[in-house]
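Only one structure is covered here, and it is reproduced in the block below.
Protein chains: 2
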Amino acid sequence: MSEGVGEGLRVAGLAHRVPDLGALELLLAVARLGSLGRAARELGITQPAASSRIRSMERQLGVAMVDRSPRGSRLTDAGALVTDWARRIVEAAEAFDAGAQALRGRRDSRLRVAASMTIAEYLLPGWLMALRAQRPDTAVSLLAGNSAAVAQRLLADEADLGFVEGLTVPTDLDAVVVGHDRLIVVTAPGHPWARRRTPLPAQELATTPLILREEGSGTRQVLETALGGLARPLLELSSTTAVKSSAVSGAGPAVLSELAVGEELSARRLVSIPVAGVRLDRALRAVWRRGHRPTGPGRDLLGLTRG
Amino acid sequence: MSEGVGEGLRVAGLAHRVPDLGALELLLAVARLGSLGRAARELGITQPAASSRIRSMERQLGVAMVDRSPRGSRLTDAGALVTDWARRIVEAAEAFDAGAQALRGRRDSRLRVAASMTIAEYLLPGWLMALRAQRPDTAVSLLAGNSAAVAQRLLADEADLGFVEGLTVPTDLDAVVVGHDRLIVVTAPGHPWARRRTPLPAQELATTPLILREEGSGTRQVLETALGGLARPLLELSSTTAVKSSAVSGAGPAVLSELAVGEELSARRLVSIPVAGVRLDRALRAVWRRGHRPTGPGRDLLGLTRG
DNA sequence: CCTCGCTCATAAACCCAGCTTATGCCGTCA
DNA sequence: TGACGGCATAAGCTGGGTTTATGAGCGAGG
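Quick mapping for you: the protein sequence lines, in order, are chains E and B.
Under full-length UniProt numbering, the letters of the first sequence match residues 1 to 307, in that order.
Under full-length UniProt numbering, the letters of the second sequence match residues 1 to 307, in that order.
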């Protein structure tokens with residue numbers, strides 16, 4: 001959401017307008033199974049509970065979503081649409097859950113992971129979901145920190161596998177590149193750069209004021225290294241989200257990690273501007289204590305990170 | 001306790017492991033404002049309520065997220081991570097809300113939109129959020145249906161602005177292209193195609209078994225038109241989500257709308273395979289009754305769709 | 001030095017959303 | 001026609017989240 005200056009009209013929070021996760025899960029189950037009762041059974045509740053919950057969701061949204069019949073229930077057109085939107089919420093919640101369970105860091109974990117923030121934020125939940133899909137009984141614990149902290153954990157044998165971003169590999173660790181954090185230049189679709197047919201010269205990027213994170217942030221450092229020390233800020237903002245929404249609303253070109261803008265790119269709220277002559281990315285590496293390449297669950301996870 | 005019918009260990013649903021939306025919103029507010037009390041005030045609840053809610057969320061997740069001090073509250077490292085994951089859920093909920101409010105279709109709407117499913121599902125929520133940001137008092141109503149239904153609504157003057165996908169423009173309507181639904185070929189990163197340096201020949205695409213939606217679906221039709229009538233299914237699945245997860249888990253190459261896989265592409269769970277010699281896209285058009293180009297809020301929305 | 005002002009925590013009482021159990025109605029199929 | 005599956009309704013219970021009221025820690029300023 002945009003920075004809420006002057007709220008003006010007091011509107012009840014999102015939570016009062018959006019059904020809770022349980023209701024959304026139920027809706028997805030009804031869509032999949034074609035019956036309130038079966039959906040209820042799958043979720044471990046009774047049929048009247050499901051019936052009432054769907055009904056109250058319809059009342060809350062003001063839309064009939066389910067066509068009831070004595071032979072089952074099918075979604076209405078509106079219901080199908082709502083279900084598609086709901087699926088996104090539930091998917092985000094699944095990623096949250098996968099991450100949070102690892103973060104809980106139980107002592108009995110069979111795999112202890114230490115990861116830098118970018119990786120933990122964007123990539124690890126997906127990997128953990130995939131790992132859970134293929135090895136459901138693997139308990140993973142996660143510790144997030146900077147590269148030095150990751151290295152320290154590994155060397156102290158408090159973690160089995162680490163993930164770091166950046167140019168250098170900490171000493172006494174073995175590493176393999178598992179991906180790249182590509183910075184990309186993005187603008188709103190209306191910006192002149194969006195109509196270019198040729199890549200933007202690095203020189204022009206360096207001399208144009210950009211929407212950037214504050215000095216010292218990881219992406220800012222990568223950008224300034226690539227440009228040779230200079231970057232002109234048009235705006236300096238303190239969160240990736242803020243940079244993103246400024247760019248979407250057309251304030252100017254921004255430089256952001258590709259990981260942060262997948263959704264915006266595919267919906268064309270932002271467009272990516274190719275740039276010639278600079279490598280705006282940094283390697284993402286899996287690391288482990290020299291000579292102790294992970295086995296078992298760690299090896300499984302490592303496999304997932306490379307496809 | 002719920003009884004474990006069927007699936008071995010019965011695991012409580014997501015809703016019991018993920019904090020509800022209200023708690024996540026609160027967490028974001030705490031992160032932004034640096035104080036439980038201020039966050040409480042912003043959300044219109046009391047400070048003890050916020051305190052207790054954050055505490056119970058920490059208990060639920062088993063992670064300390066907030067460092068309390070007499071001068072305010074800051075997130076811990078783990079808390080920052082949880083907050084980033086939470087933000088995705090909240091963003092999806094905001095899109096849901098924007099769509100659902102329009103779907104409610106109140107009679108007093110100042111702008112009545114009719115849209116086809118793909119557009120309503122993927123693009124419209126974003127447009128509506130943008131519209132709300134720049135014109136907060138515009139009430140929009142939405143009706144979703146196929147192209148014929150959209151045309152009918154417009155011609156009956158029951159809608160002010162329509163959106164359709166497909167090759168043809170219904171008669172008696174004016175239209176402007178607002179985007180493209182690009183189908184792309186995707187595979188898991190480990191697939192041989194992912195290592196190609198040259199675009200895939202259309203011929204090879206046509207002769208390779210693919211993971212596809214069922215016959216008759218929109219994307220399947222576009223693909224078969226582009227390929228000249230033939231497509232070999234490796235798997236035929238009935239939902240985009242199912243196709244996507246099969247592809248992610250490496251079952252084979254799939255053809256999907258770019259709109260459906262933004263997230264998977266940026267996280268490299270899927271990679272896009274360029275194809276030579278076929279146009280795998282269909283135009284997305286805004287349409288209106290001939291000679292009645294929208295004014296006012298309709299014009300605003302139209303502006304947003306083109307950047 | 002002491003008090004004000006901000007922070008957060010605790011305790012008790014309240015309320016309502018959502019659950020269960022029990023029942024009824026409707027349509028389909030053998 | 002009776003059994004079955006599907007949904008709706010009603011009554012009663014429970015718990016999580018809320019409020020009000022209060023207390024305690026820390027810093028700033030008269």
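For each residue, glycine too, the CB sits at the ideal point set by N, CA and C.
Q | Assigned exposure category for E:Ser69 - 16 Cβ within 10 Å defines buried | A | Counting Cβ neighbours within 10 Å, E:Ser69 comes out exposed, since fewer than 16 surround it.
Q) Is it true that the CB of E:Ala31 sits closer than 8 Å to the CB of E:Leu43? A) In this structure, E:Ala31 does not lie closer than 8 Å to E:Leu43 by Cβ.
(Q) Using the three-state DSSP reduction, which class does E:Val278 fall into: helix, strand or coil? (A) Coil, per DSSP.
Q: Below 8 Å CB to CB, which residues in the same chain sit around E:Glu224 once its five sequence neighbours on both sides are set aside?
A: Within the same chain, E:Glu224 has close Cβ partners Leu230 and Ala231.
Q. Does the region 152-159 of chain B come within contact of the region 102-121 of chain B, defined as at least 3 CB pairs closer than 8 Å?
A. Yes, they touch.
Q: Run the proximity test for B:Leu154: is its beta-carbon closer than 7 Å to any non-hydrogen atom belonging to the ligand SAM?
A: Here there are no bound small molecules, and the ligand SAM is not part of this structure.
Q) Would you say B:Arg88 reaches chain E, if we count a Cβ-Cβ gap shorter than 8 Å as a contact? A) Cβ-Cβ to chain E under 8 Å: yes for B:Arg88.
Q) Considering B:His16, what are the terminal residues of the alpha helix (DSSP H) in which it resides? A) Leu14 to Arg17 is the extent of the alpha helix (DSSP H) around B:His16.
Q: Would you list, in sequence order, the uninterrupted alpha helix (DSSP H) runs of no fewer than 4 residues that lie entirely inside the region 147-180 of chain B?
A: Assignment of alpha helix (DSSP H) within the region 147-180 of chain B, counting only whole runs of 4 or more residues, yields 147-155 in chain order.
Q.
Quick check: what's the CA-CA separation for E:Leu123 versus B:Ala267?
A. Cα-Cα distance, rounded: 6 Å.
Q) Cβ of B:Glu158 less than 8 Å from any chain E Cβ? A) It does not; no Cβ of chain E falls within 8 Å.
Q.
Taking 8 Å as the limit between beta carbons, can you name the residues of its chain near B:Val178, skipping five residues before and five after?
A. Around B:Val178: Phe163, Leu284, Arg285, Ala286, Leu302, Thr305 and Arg306.
Q.
Which residues in chain E have a C-beta closer than 9 Å to the C-beta of B:Met117? List them in chain order.
A. Chain E residues near B:Met117: Asp77, Ala80, Leu81 and Asp84.
Q: Kindly list, in the order they appear in chain B, the residues whose Cβ is closer than 8 Å to that of E:Arg104.
A: Chain B residues near E:Arg104: Leu61, Gly62 and Val63.
**Q.** From B:Ala226, B:Gly228, B:Thr219 and B:Leu227, residue whose alpha carbon lies closest to that of B:Leu237
**A.** B:Leu237 has its Cα closest to that of B:Thr219, out of B:Ala226, B:Gly228, B:Thr219 and B:Leu227.
**Q.** Short CB-CB distance (under 8 Å) between E:Leu259 and chain B
**A.** Chain B contact via Cβ: present.
Q. Enumerated in chain order, which unbroken segments of the beta strand (DSSP E) with a length of 3 residues or greater are wholly contained in the region 196-261 of chain E?
A. The region 196-261 of chain E contains these whole beta strand (DSSP E) runs: 210-213, 233-237 and 254-257.
Q) Is the CB of B:Arg10 under 8 Å away from at least one CB in chain E? A) Model confidence at B:Arg10 stands at a pLDDT of 46, short of 50, so the residue's coordinates are unreliable and nothing is read from them.
Q. What does a CB cutoff of less than 7 Å around B:Ala39 pick up in its chain, not counting 5 residues either side in sequence?
A. Leu26, Ala29, Val30, Leu33 and Ala50, listed in sequence order.
Q: Can you grab the Cα-Cα spacing for the pair B:Pro65 / E:Thr187, in whole Å?
A: For the record, residue 65 of chain B in the displayed sequence is Met; it is not Pro. A direct Cα-Cα distance of roughly 34 Å separates B:Met65 from E:Thr187.
(Q) Once the 5 residues before and after B:Leu75 are set aside, which same chain residues still bring their CB inside 7 Å of it? (A) Excluding residues within five positions, the ones whose Cβ falls inside 7 Å are Ala31, Met65, Val66 and Thr83.
Q. From E:Arg10 to B:Arg132, what does the alpha carbon distance come to, in whole angstroms?
A. With a pLDDT of only 46 at E:Arg10, under 50, the local geometry of the prediction cannot be trusted, and no value is derived from it.
Q) With burial defined as no fewer than 16 other Cβ atoms inside 10 Å of the residue's Cβ, what is the status of B:Gly126: buried or exposed? A) It counts as buried.
Q.
Relative to the C-alpha of B:Arg197, which candidate in B:Arg289, B:Val275, B:Arg106 and B:Arg104 has its C-alpha closest?
A. When only C-alpha atoms are compared, the closest one is B:Val275.
(Q) Counting only beta-carbon separations shorter than 8 Å, does B:Glu25 have a partner in chain E? (A) By the rule that beta-carbons nearer than 8 Å mark a contact, B:Glu25 touches chain E.
Q: Below 8 Å CB to CB, which residues in the same chain sit around E:Ala260 once its five sequence neighbours on both sides are set aside?
A: Contacts found: Tyr122, Thr240 and Lys244.
Q: Kindly list, in the order they appear in chain B, the residues whose Cβ is closer than 7 Å to that of E:Glu263.
A: What E:Glu263 touches in chain B: Gly262 and Glu263.
Q: Give the residues of chain B in contact with E:Phe96, contact being defined as C-beta atoms less than 7 Å apart.
A: Val18, Trp85, Ala86 and Ile89, listed in chain order.
Q.
Using only the alpha-carbon positions, how far apart do B:Trp288 and E:Gly166 sit?
A. If you take the alpha carbons of B:Trp288 and E:Gly166, they lie about 51 Å apart.
Q | Per-residue burial, B:Asp181 [other beta carbons within 10 Å of its own, 16 or more giving buried] | A | Around the beta carbon of B:Asp181, 16 or more other beta carbons lie within 10 angstroms, which makes this residue buried.
Q. Whose C-beta lies closer than 6 Å to the C-beta of E:Pro297 among residues of the same chain, with five residues either side of it excluded?
A. Hits under 6 Å: Arg110, Leu111 and Thr138.
Q) Just checking my contact of B:Leu21 with E:Asp20 at CB under 8 Å: how many whole Å lie between their CB atoms? A) A Cβ-Cβ separation of about 7 Å places B:Leu21 in contact with E:Asp20 under the 8 Å criterion.
Q) Thinking C-alpha only, which one of E:Leu234, E:Glu263, E:Ser257 and E:Glu264 is nearest E:Ala251? A) Cα-wise, what sits closest to E:Ala251 is E:Leu234.
Q) Given E:Thr118, which residues of its chain have a CB within under 8 Å of its CB, disregarding the five upstream and five downstream residues? A) Only Glu165, Asp181, Gly218, Ser257, Leu259 and Leu284 meet the Cβ criterion.
**Q.** B:Phe96 versus E:Gly79, E:Leu36 and E:Glu94, residue with shortest Cα-Cα distance
**A.** Per the Cα distances, E:Gly79.
(Q) Looking at the secondary structure, which residues open and close the beta strand (DSSP E) in which B:Thr140 lies? (A) Reading off the sequence, residue 140 of chain B comes out as Val, not Thr. Bounds of the beta strand (DSSP E) holding B:Val140 are Val140 to Ala144.
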